[in-house]
Amino acid sequence: MDTSSASSYTAKLIDGPLEGKTVATAFLETGDPRPRLELNTDKGKHYIYTRGAGLEFGADDDDRPTAVEYRFVETVFD
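To convert, note that position 76 of the sequence shown is 56 in this note's numbering; the numbers rise steadily by one, no gaps.
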């Protein structure tokens, strides 16, 4: 793995309660995008999103994406 590449990417939330928002997210240790995101709110709940099919790549030669789409799965109340 090329250690000079970016260590994070943009998670694009394409539906659900956070539709249209983006979140900076770290790659897994393997260099892959995360398969699932759990996003906490300040209102006693968190949203679960899973990785979708959409990937965006930058102009450089890095083989890791700069942005990844995520789809809403569920809301969990604490």
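Note that beta-carbon positions come from the ideal geometry of N, C-alpha and C, so glycine has one too.
The three-state reading of DSSP puts serine -12 in strand, counting E and B together.
For lysine 25, the uninterrupted beta strand (DSSP E) run begins and ends at 25 to 36, by DSSP. The shortest CA-to-CA distance from threonine 21 to any of Lys(-8), Pro(-3) and Tyr(-11) is the one to Pro(-3).
In the three-state scheme derived from DSSP, where H, G and I count as helix and E and B as strand, glutamate 54 is classed as strand. With a threshold of 16 other beta carbon atoms within 10 Å, valine 48 meets it and is buried. When the Cα atoms are used, alanine 4 and aspartate 58 turn out to be separated by approximately 24 Å. In the assembly as shown, alanine -9 is a buried residue. Its beta-carbon has 16 or more other beta-carbons within 10 Å.
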